[in-house]
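Count the sequence shown with the UniProt record's numbering and you get residues 1 to 1155, in order.
Yeah, the Cβ is synthetic: ideal placement off N, Cα and C, and Gly gets one too.
Quick caveat, the model's predicted, so the values are computed rather than measured.
Before any comments, here is the structure.
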Amino acid sequence: MRNLRNTRYEQWSPPSQFEGRPLTAATWDLANDSVLCTFGPTGSNALIELVRVVTKPEAQEFTVITSWDAPCPNPELACDQVLSLHYFGDSLTACLVLAGGDIVVVREEPMPGEDRIEIVGSVDAGITAAKWAPDEELLAITTKADTVVFMSRSFEGITDVTMTTEDLKASNHVSVGWGKKETQFQGKGAKALRDPTMPEKVDEGVLSPNDDLTAAISWRGDGAYLAISTIEGNSRRLIRVYSREGVLDSVSEPVDGLEGALSWRPVGNLIAGIQRLESRIDVVFFERNGLRHGQFSLRLTPEQMQLPGQHINLSWNSDSTVLAVVMVDCTQLWTMGNYHWYLKQEIKNSQTGLLPTAPLPTADLLLDSVNVAEYIFTIARSSTAPPHDFGVVAVIDGQSLKVTPLRTANIPPPMALHELTVQTNVIDVAFNADASLIAILHQQGISMFESKGTEASSDSPLLTGRVTFDKTEPNSTVYQQISFADNNDALVSMPNGSKSTVKRYGFNEETGRMEDVPSGPGMDTTIRILSSFYQDGLNHPFVQGSSGDLHSLAFGEHSLSHCNFPMYLPWIDIVPHGDDQIAFDLEVPPDDPEKDERCRSVERGARLVTAMPTSLSLVLQMPRGNLETIFPRAMVLAGIRKLIDEKNYRRAFTHCRTQRVDMNILYDHAPEQFLANVALFIDQVKKVTYIDLFLSSLRDEDVTQLMYKETRVASELENPSAAAIGTNGVVSQESGLVKSSKVNKICDAVLEVLRTRTATNLQNIITANVCKSPPALDDGLQVVAQLMKTDETMADKAVEHICFLADINKLYDNALGLYDLALTLLVAQQSQKDPREYLPFMQNLSEMPELRRRFAIDDHLGRNTKALTHLHSLDAFPELQAYTQKHALYQAALSLYRYNPSRHALLTNLYAQHLESKSQFKEAALAYESLQNYASATSCYLSSGPSSWRETLFCALSQTPAIAPAALTDLATTLSEALVDSKDYFAAATIQVDYLSSIDHAARLYCKGYFFASALHLVALKQRSELLEQIIDPGLANALASSTELLAECRAQLLAQVPRIRELREKARLDPLAFYEGERAGNADGDVPDDVSVAASSHLSTNRSMYTRYTGKQSIGTAGTGVSRATSKNRRREERKRARGKKGSVYEEEYLVAS
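Written out as structure tokens, the structure reads:
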């Protein structure tokens, strides 16, 4: 789909000092972007001049490097001939190979002791062809003695190979005739029985009558092989393929009419040659093994084929995308796509040779001038700005222009929806703002076509205007590019010496013809690009100079400093910078398609053809040439966001449905706007199933913060609070979850709108209820129940839909829970239940009274608390007591009878017994205490533990009749012993004093618990001074002894372990390998094993390092890597080692610190 566009054309004509001496050879100096060419020799003058030509936009400069006389040593030649001119940029040296046999080196900056001009070698037999390898390390020469000589960069002979007829045996070609006519099925006749591998006509290699009998050499792009085309035995032209070492690899199969042109495609898959037939001339291709591999015919007139001296040459550009066919009167540039060859450009008046290089500058070498032209690949497309983004693309193919509106007719090349034909080969093409006009620039003029529509069924564009260029213009006039102006006038750019000229052509309303329109003052710059951008439905033409400067072609404007380019992509900003420059602020996203919507994986080599924002699609051309239409997620989401902002919910919903975009974005992008326009959303979407699809897709997540996070980086001036507020105007949530239920909010809003639309949107009402979180099944069933009273047909449809959305068993239970037996029966009929299962149950329910039926239903559904309320309403207290005990509904029962003291007391007693049976003694004691059952409360408090000793003694003392003194003493003794066991010495001593009157035991317990102040106060209060020596003094001594012993043990442990810890840490610092890894079995000599590394070798390593070995963390890896996982047995072994802390082990330090 790409065309070639001329962006540079510069011509240098030799001055009068070179008059009479033709240009004979030329080559590129890529380092200086200049051309080196030779003048002479001729039959009358053997002088050779080497000249450097530098072409600049302002002027052309030339420098004569050197000159010398080169008389031909071969008497068979009238004069010598330059066969090869090559320039070495690294050594500033030019190498010339002459037909007489001399190899001449010209040094621009010779070193001391070196000659400026030196003949480094000579071939006595004469040279027929020469070519340097692409790496400039090898020179291949063919001689008149039918030999191939390989020479090094220092011109030392490497090998000589003789070309003989025995070389024909190198390849035994077998053609099975794939794709040929003779291999196709031709019916049941005799031809069908013939061997398809035997063609009707076998080429014998007959020489072309126009063959110039010269030899040609071409290297493969990597320099590993070269092809040589020579005449074998004056009867056949043969292509031999040699390796870099001079070994014959293959020879070509016989081809009638094969001529001397030869060019090996740099990528290496094809060798191009010329085959001249009676009625046409073909470019034929060979593989490295010598077999044919396709061809295409040159589009030449009979007059061109019969031109005198029509010897065609071939040449590829450096990246193998363009094949140049050099003829006596022109040079054609061909490209290939989808196995079709397109004629993209034709350069007139090329007579001698072509020097192509990357990207596509070419030097046309004429007999009297040097022309430098540069071409770029570009796609001729119409506007990509809505609403005129029809995706119209034009492909140049000679005199034909293939036009296809890809938005409505995605026709793969080389086919097209429309083919427009003009008088001569097309140079450039342009579309106006709405793609209704197509301007075609060809070699004889301009043709204007008008398109009636972009639909696939529309008619072909019609020719509405034509301009024929003045034939009196000089032959050197070159037309480069064409574009549209704001009023649909055509602009054409052409070089004019050191400047450029833009001509304007428009329709004359009086004559109805296209004429030259006088324009304003010319440009003082060289134009490289003539184009226009589309805005507000108009073309705004501009040009770009050689230095990158932009200039407007609008009336009265000469600079684009104040032009605002349209901004189509939301993450690209175009801002003015200074007075004359425009800065493009483009963020390059990371390669993370899962998180960034702008990333998408495509086939390597795919090219962007055009974009159609209206359909949210792009068209890509794959390397093979076929087209693929894709919908990039970034483009789709940007379009959906824009449609939501415009409140065009119908198209936004359609794109979400067709492109599988989560429909939550319809709400999440602008929540407040959506809730305010729910009625508009429903009216635009209309279709009931689409509304159901939207409701069923809702979930409580903000997809604009998670799945479809806005990736545009907003500037601070544009959005100063971007950090706090999300792009959809909602405060961003770290978890991505909305605090309130988003789904319920939307469903409620939809139900509010559909409240009056039951007749048309009943299905949506049901769906909105079911899609709530949790599902509002009761509300949906109530809608069905209401319809059963008014419209049974709609009720049947509604129940069928709700049964489709929800679990039928849950619906059955919910319908039963509404106590509507008719509704329950209707739901049951939609299920797969056996009528024998539910009909008897329903019959029994229908025979019960209302309250009893409700109790039975709630008991059946397991809603025991609600069933209990029905028993309360029935005033069936004995049954309620049994039901409460069965289902442990004590709290609900107590709540029901909180105003009935007698029954409340009975239920409380049952509750206390239940708690006591569950060993919840403290709660049971509280219940008994509320009933003033202090005996049971005392027992429960005592069972709950010694911590409730106060409550236990309170209930014991509150009993009626009063508790016996002996029983109270036993109870106090039991509590005191229990408190001593739990080491609550203060409470135990209190019981000894208050209830047992045992001062001795109390004092001992105070001292045992280190409450010496309380013990002294008790002794003084009770006036028992003798206890100071008997109890308190021994208690103080025992406390001091135990504390001293503990401190001594701690000090000894610190003195023993701290030095060891320091020693271990020093060892780990000095030699971590030995400390952490230790000696291995079988490695007693202490050598470091070769599979242990202090530093991790790679973040992809699946082995644990010596540091992570003891952390218990698993390394990165998969189950298929063969890494042995730590088993539970090994982990237990490691834990035992860690607990022991054996001296010398890696766990010793951890053990010492923990102890």
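- C-alpha of F62 to C-alpha of S13: approximately 10 Å in a straight line.
- Comparing alpha-carbon positions, the option among A215, G100 and R836 lying closest to P75 turns out to be G100.
- A residue is called buried when at least 16 other Cβ atoms come within 10 angstroms of its Cβ; H293 does not meet this threshold and is exposed.
- Collapsing the DSSP output to three states places F469 in coil.
- Apart from the 5 residues on each side of it in sequence, L942 sits with its Cβ closer than 7 Å to the Cβ of T952 in its chain, given in chain order.
- Straight-line spacing of the CA atoms in C803 and V661 works out to 28 Å.
- When the five nearest sequence neighbours on each side are left out, the beta carbons in the same chain lying within less than 7 Å of the beta carbon of G1009 are those of Y985 and F986, in order along the chain.
- A contact between stretches requires three or more CB pairs, one per stretch, nearer than 8 Å, and the region 780-787 meets this requirement with the region 760-771.
- Per DSSP, the beta bridge partners of T335 are Y342.
- A straight line joining the alpha-carbon of T974 with that of Y819 spans about 59 Å.
- A contact is defined here as three or more CB-CB pairs under 8 Å, and the region 825-832 meets this definition with respect to the region 791-808.
- In the three-state reduction of the DSSP assignment, H293 falls in the strand class.
- Contact between H669 and R641 holds: CB atoms are separated by about 6 Å, below the 8 Å threshold.
- Within the same chain, Cβ atoms closer than 7 Å to the Cβ of G268 are found at R220, G221 and D222, the five residues on either side in sequence being excluded.
- Taking each of Y375, G453, K1143 and V422 in turn and checking the Cα distance to V392, the smallest one comes out for G453.
- Rounded to whole angstroms, the gap between the alpha carbons of Q881 and P840 is 29 Å.
- In the structure shown, M514 falls within a strand segment according to DSSP collapsed to helix, strand and coil.
- Distances from the CA of L291 to each of L845, A170 and L314 were compared; the closest alpha carbon is that of A170.
- Note on geometry: alpha-carbon atoms of L553 and Q535 lie some 15 Å from one another.
- Secondary structure of T969 (DSSP, three-state): helix.
- Here G545 carries a strand assignment [DSSP, helix/strand/coil].
- In the displayed model, D69 falls within a strand according to three-state DSSP.
- Using a 10 angstroms sphere on the CB of Q763, the tally of other CB atoms reaches 16 or more, which defines it as buried.
- Looking only at Q684, D702 and S917, the smallest Cα-Cα distance to I665 is reached by D702.
- In this structure the region 410-427 does not lie against the region 374-389, because fewer than three pairs of beta carbons, one per stretch, are closer than 8 Å.
- Linking E1063 to N1130 through their CA atoms gives a straight-line distance of about 29 Å.
- Inclusion of E259 and I312 in the CB contact set at 8 Å is warranted, their separation being smaller than that value.
- Distances from the alpha-carbon of Q17 to those of G639, L971, F39 and S997 put F39 closest.
- Straight-line measurement puts the Cα of L680 at about 34 Å from the Cα of K810.
- When the Cα atoms are used, M151 and V106 turn out to be separated by approximately 18 Å.
- Counting the other CB atoms within 10 Å of its CB gives C955 a total of 16 or more, which places it among the buried residues.
- Of all alpha-carbon atoms in L1028, S982 and L1021, the one lying nearest the alpha-carbon of R1004 is that of L1028.
- Counting C-beta pairs closer than 8 Å gives fewer than three between the region 436-443 and the region 639-655, which falls short of the contact rule.
- Beyond the five residues adjoining it in sequence on each side, T147 comes within less than 6 Å, by CB distance, of D160 and T162 in the same chain, given in chain order.
- The criterion of a C-beta distance shorter than 8 Å is satisfied by V372 and R8.
- Annotation: R276 to Q544 spans about 43 Å, alpha carbon to alpha carbon.
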